[in-house]
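Chemist: Take this structure, written in structure tokens, and hold onto it; I'll ask about it next.
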Amino acid sequence: MSVRLQAEDFDIGMEIEALVGGRTDIGAAVSFTGLVRDMIGDQRILDMTLEHYPAMAQAELERIEIEAQNRWPTLTDSLIIHRYGTLLPGDRIVLVITLSSHRQTTFEAAEFMMDFLKTRAPFWKKETVQNGGSSWVEARDKDDRALARWHKT
Amino acid sequence: MKLVYFAWIRERIGLEEEEAELPDTISTVDDLLRWQQGRGEEYAAAFSEKETIRVALDQFHAEHSDPLNTVKEIAFFPPMTGG
Numbered sequence: 006m007s008v009r010l011q012a013e014d015f016d017i018g019m020e021i022e023a024l025v026g027g028r029t030d031i032g033a034a035v036s037f038t039g040l041v042r043d044m045i046g047d048q049r050i051l052d053m054t055l056e057h058y059p060a061m062a063q064a065e066l067e068r069i070e071i072e073a074q075n076r077w078p079t080l081t082d083s084l085i086i087h088r089y090g091t092l093l094p095g096d097r098i099v100l101v102i103t104l105s106s107h108r109q110t111t112f113e114a115a116e117f118m119m120d121f122l123k124t125r126a127p128f129w130k131k132e133t134v135q136n137g138g139s140s141w142v143e144a145r146d147k148d149d150r151a152l153a154r155w156h157k158t
Numbered sequence: 004m005k006l007v008y009f010a011w012i013r014e015r016i017g018l019e020e021e022e023a024e025l026p027d028t029i030s031t032v033d034d035l036l037r038w039q040q041g042r043g044e045e046y047a048a049a050f051s052e053k054e055t056i057r058v059a060l061d062q063f064h065a066e067h068s069d070p071l072n073t074v075k076e077i078a079f080f081p082p083m084t085g086g
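Right, here's the structure in full:
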């Protein structure tokens, strides 16, 4: 399990291959990639800046990985990469990879990690729109509801 | 005690971080948020929507009712929007 916070882009294929690391007991690798969109409603986005709380972001993402590992003991390995700094539409923001012997664990654990990341990892987006204004993105109730389903037994 | 600020809270106060001596009367996160509101115009603007503000004690999310105890670093930020 590992977590990386970085300004640079990442290569999805290389990251999956490196995480598998030649192991042959892995039957499934799921990856989720979050990208910067070019439109929010009817406004065109020029760029997006991600601010983060470095020490806590690293620790919180590691705690999310441990929680996923506890919930899915068959989760063989995982990786979270989150970028910070100023990104353009189409740029990759976040990568989550999960590995297991079977696919169900990988799909579920990846979704769980993204839902927790969105509401608990200390990152904040600020968007610049075409008319020149910029504003902080507001948290959405939808993300809280996505998280709530994992609390059901 | 080190206080750190992020996103629009940082912008409204005009500081990324500061050292502060907290009065003895502050025992919970909520007490601290109310104290922040009274530290001047910038702080009043930053902490006006007290209920929406999230607080982390030594890099762990905290509830407004949580005691402060002997933490070293307290962070204030809006709800997260990463991913």
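These protein sequences, in sequence, are chains A and B. Just so you know, we're using the numbering used here here: the first sequence kicks off at 6 and counts up by one. Just so you know, we're using the numbering used here here: the second sequence kicks off at 4 and counts up by one. All C-beta atoms in this analysis are idealised placements derived from N, C-alpha and C, irrespective of residue type, glycine included. Model, not experiment: these values are computed from the prediction.
#1: Would you please verify whether the beta carbon of Gly27 (chain A) is less than 8 Å from any beta carbon of chain B?
#2: Let me see if you follow: with CB-CB separation under 8 Å, is Val142 (chain A) close to chain B or not?
#3: Report the neighbours of Thr73 (chain B) on chain A: residues whose CB is nearer than 7 Å to its CB, in chain order.
#4: What does Arg125 (chain A) touch in chain B if you count any residue whose Cβ is under 8 Å from its own?
#5: So, is the C-beta of Ala60 (chain A) closer than 8 Å to a C-beta in chain B?
#6: Under 8 Å by Cβ, that's how I've got Leu71 (chain B) and Leu35 (chain B) pegged, so tell me the actual separation to the nearest angstrom.
#7: Three-state secondary structure (DSSP) at Leu71 (chain B)?
#8: Report yes if the C-beta distance between Ile31 (chain A) and Thr81 (chain A) is below 8 Å; otherwise report no.
#9: Within a Cβ cutoff of 6 Å, which residues of the same chain sit near Phe121 (chain A), ignoring the five residues on either side of it in sequence?
#10: Can you find a C-beta in chain B that's less than 8 Å from the C-beta of Trp129 (chain A)?
#11: Let me know the secondary structure DSSP gives His57 (chain A) once reduced to three states.
#12: I'd like to know whether the C-beta of His156 (chain A) is nearer than 8 Å to at least one C-beta of chain B.
#13: Just to confirm my understanding: we take Ala12 (chain A), look at its own chain, exclude 5 residues before and 5 after, and list those with CB closer than 8 Å. What are they?
#14: From this set, B:Asp61, B:Gly17 and B:Lys75, which residue's C-alpha is nearest Met43 (chain B)'s C-alpha?
#15: For Ala23 (chain B) and chain A, any beta-carbon pair shorter than 8 Å?
#16: Are the beta-carbon atoms of Met53 (chain A) and Lys147 (chain A) separated by less than 8 Å?
#17: Just checking my contact of Asp96 (chain A) with Leu10 (chain A) at CB under 8 Å: how many whole Å lie between their CB atoms?
#18: Could you list which residues in chain A have their beta carbon closer than 7 Å to that of Trp11 (chain B), in chain order?
#19: Could you pull the DSSP bridge partners for Gly39 (chain A) from this structure?
#20: Which residues mark the beginning and the end of the alpha helix (DSSP H) in which Arg150 (chain A) is found?
#21: Compare the beta carbon distance of Ile56 (chain B) and Phe63 (chain B) with 8 Å and say whether it is the shorter of the two.
#22: To be precise: take each residue of the region 83-99 of chain A, compare its Cβ to all Cβ atoms of chain B, and keep it if any distance is under 8 Å. Which residues remain?
#23: Which residues, taken in chain order from the region 63-74 of chain A, show a beta carbon closer than 8 Å to some beta carbon of chain B?
#24: Please classify Val8 (chain A): is it buried, with 16 or more other beta-carbons within 10 angstroms of its beta-carbon, or exposed?
Modeler: According to the structure shown:
#1: Contact of Gly27 (chain A) with chain B is not assigned, every C-beta pair being separated by 8 Å or more.
#2: With a threshold of 8 Å between beta carbons, Val142 (chain A) makes contact with chain B.
#3: Thr73 (chain B) does not reach chain A, its nearest Cβ partner there being about 18 Å away, counting only Cβ pairs nearer than 7 Å.
#4: Taking the beta carbon of Arg125 (chain A) as reference, the chain B residues within 8 Å of it are His64 and Met83, listed in sequence order.
#5: Taking Cβ atoms only, chain B reaches closer than 8 Å to Ala60 (chain A), which makes this a yes.
#6: Between Leu35 (chain B) and Leu71 (chain B) the Cβ distance is about 7 Å, and since that is below 8 Å, they are a contact.
#7: Reduced to three states, the DSSP call for Leu71 (chain B) is coil.
#8: Going by C-beta atoms, Ile31 (chain A) is nearer than 8 Å to Thr81 (chain A).
#9: The answer, listed in chain order, is Ile69.
#10: For Trp129 (chain A), at least one C-beta of chain B is nearer than 8 Å to its own C-beta.
#11: Taken through DSSP and simplified to helix, strand or coil, His57 (chain A) comes out as strand.
#12: No, His156 (chain A) does not count as interfacial toward chain B.
#13: Sequence-distant partners of Ala12 (chain A) (beyond 5 residues in either direction) whose C-beta falls short of 8 Å from its own C-beta, in its chain, are Arg88, Tyr89 and Gly90.
#14: Before going on, a small fix: residue 43 (chain B) reads as Gly here, not Met. The shortest C-alpha separation from Gly43 (chain B) is found at B:Gly17.
#15: For Ala23 (chain B), the answer is no, since every Cβ of chain A falls outside 8 Å of its Cβ.
#16: No. Outside cutoff.
#17: Between Asp96 (chain A) and Leu10 (chain A), the beta carbon gap of about 16 Å keeps them out of contact (Cβ cut-off 8 Å).
#18: Going along chain A in sequence order, the residues near Trp11 (chain B) (Cβ under 7 Å) are Trp141.
#19: For Gly39 (chain A), the beta-bridge partners assigned by DSSP are A:Val99.
#20: Looking at the DSSP string, the run of the alpha helix (DSSP H) that includes Arg150 (chain A) is Asp146 to Ala153.
#21: Cβ atoms of Ile56 (chain B) and Phe63 (chain B): not closer than 8 Å.
#22: Listed in sequence order: His87, Ile98 and Val99.
#23: In summary, the residues of the region 63-74 of chain A whose CB is separated from some CB of chain B by less than 8 Å are Ala64 and Glu65, in the order they occur in the chain.
#24: Buried, by the Cβ-count rule.
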